[in-house]
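Asks: Using my numbering, you'd call the opening residue of the sequence shown number 106 and step up by one each time.
Just so it is clear, CB atoms sit at the ideal spot from N, CA and C, and this is done for glycine as well.
Can you keep this structure in mind? I'll have questions shortly.
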Amino acid sequence: MRASVSQIIVLYLSCLLLQMGWTTQVSAIVTAVGKPWLRGSGYFHHLRLDPRGRFVAYQGEDGLGLSVLDLKTSQVYLVSEAQIGASFAWAPDGFRLFYREQSQIADGGIKSLINAFDCANFKNVVLDEMSTASGYLTLDPRDLRLQILGPKGVRTKKIYFPTERLARWQVAQRVEHGKWLATQQSMLWITHGGIGMRKLDDDGSGVESFDIAPHGDRVVWATHHGRIYVSRDGGTPRFVAYGRDPRWHPRRPLIVFAGARMVGNKIISYDLRLADQEGVAGQFLTATQLASERWPQWRGNSERLVYAVEQTNELYTLDVRP
Numbered sequence: 106m107r108a109s110v111s112q113i114i115v116l117y118l119s120c121l122l123l124q125m126g127w128t129t130q131v132s133a134i135v136t137a138v139g140k141p142w143l144r145g146s147g148y149f150h151h152l153r154l155d156p157r158g159r160f161v162a163y164q165g166e167d168g169l170g171l172s173v174l175d176l177k178t179s180q181v182y183l184v185s186e187a188q189i190g191a192s193f194a195w196a197p198d199g200f201r202l203f204y205r206e207q208s209q210i211a212d213g214g215i216k217s218l219i220n221a222f223d224c225a226n227f228k229n230v231v232l233d234e235m236s237t238a239s240g241y242l243t244l245d246p247r248d249l250r251l252q253i254l255g256p257k258g259v260r261t262k263k264i265y266f267p268t269e270r271l272a273r274w275q276v277a278q279r280v281e282h283g284k285w286l287a288t289q290q291s292m293l294w295i296t297h298g299g300i301g302m303r304k305l306d307d308d309g310s311g312v313e314s315f316d317i318a319p320h321g322d323r324v325v326w327a328t329h330h331g332r333i334y335v336s337r338d339g340g341t342p343r344f345v346a347y348g349r350d351p352r353w354h355p356r357r358p359l360i361v362f363a364g365a366r367m368v369g370n371k372i373i374s375y376d377l378r379l380a381d382q383e384g385v386a387g388q389f390l391t392a393t394q395l396a397s398e399r400w401p402q403w404r405g406n407s408e409r410l411v412y413a414v415e416q417t418n419e420l421y422t423l424d425v426r427p
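Below you can see the structure in the form of structure tokens.
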């Protein structure tokens, strides 16, 4: 009986996909949790796979701290024990992890540090310091600048990559258009060198996670209430679907996210799901009933996803064919 039910689910979802015109496929919709690809020593939360596919940055179960797992050697490196949240991003070279950590100082205030963890030498380097709380660290792929919002405005730091040379269109786009800036409360669109600042409308619950498209023209984010939105060039945000953990494909106009399974207005679990660059949600990639698939990441430029199952120390993979 269980097998026949799974077949019915796959057939039903396949018919829906044909009606919606989706061309992205998986070999089969995953209806049960299979054998894990990798097991860690602790729970995986808020995964970020580096662009080369060798290192995984992740947080602990309580949302504190930051660690890096070397998939080649299976070695785990503790990067920070402080509060990080969604404020970390990989450099294009895949060997440097930029992050903002906040900690309480002696007088009861908050201190923010912008750091870089060097995966080649396995050490931290302090890039900047603010004697106050700050927004999320945001890396703009168009000009390779780190940006963060503080009480005195937008703070910017240029990062130099020996193998990354900006194309003319990137420089022109940086001048002519605005840029994205994420904070704990909202996603912002910044123009005129930081003078103009506009809050993008969402459900108002605050930004849980976000991702800027490779060309920098679009951003997708998830709120604390589990709603996903997408915006292009600071335009009116479009509600994508209920879910969390959105990530852009590095080459194709696709978003993968943990799509919510709903009973009434309540989220009961998550399955991996796709959406296009305009925010039209479509295909579910998994349909497991007893597990929540979270934090999907594209491994390099391939069509392979790496993801975690919530409340476990296990990572799984899933191939998605174009």
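Taking buried to mean at least 16 other C-beta atoms within 10 Å of its own C-beta, is residue 125 buried or exposed?
Replies: Because residue 125 carries a pLDDT of 40, less than 50, the predicted location of this residue cannot be relied on, and the following value inherits that uncertainty. Result: exposed.
Asks: Measure the Cβ-Cβ separation of residue 251 and residue 244 and say whether it is below 7 Å.
Replies: yes
Asks: Going by the beta-carbon positions, is the gap between residue 342 and residue 306 smaller than 7 Å?
Replies: Cβ atoms of residue 342 and residue 306: closer than 7 Å.
Asks: Based on DSSP bridge pairs, tell me the residues matched to residue 262.
Replies: 251
Asks: Tell me, please, which residues DSSP counts as bridged to residue 324.
Replies: According to DSSP, which records beta bridges pairwise, residue 324 is partnered with 317 and 336.
Asks: Helix, strand or coil for residue 298 per DSSP?
Replies: helix
Asks: Per DSSP, which residues does residue 422 bridge with? Please list them.
Replies: 411
Asks: Counting pairs of Cβ atoms below 8 Å between the stretch 199-210 and the stretch 232-241, do you hit three or more?
Replies: yes
Asks: Between which two residues does the beta strand (DSSP E) containing residue 234 stretch?
Replies: 228-235
Asks: Would you tell me roughly how many angstroms separate the C-alpha atoms of residue 156 and residue 191, rounded to the nearest one?
Replies: 17 Å
Asks: With DSSP as the reference, label residue 391 as helix, strand or coil.
Replies: DSSP places residue 391 in strand when its eight states are reduced to three.
Asks: Leaving out the 5 sequence neighbours to the left and right, which residues in its chain are closer than 6 Å to residue 394 when beta-carbon positions are compared?
Replies: none
Asks: Whole-angstrom Cβ separation of residue 145 and residue 174, contact assumed at under 8 Å?
Replies: 7 Å
Asks: Please report the distance separating the alpha-carbon of residue 402 from that of residue 158.
Replies: 10 Å
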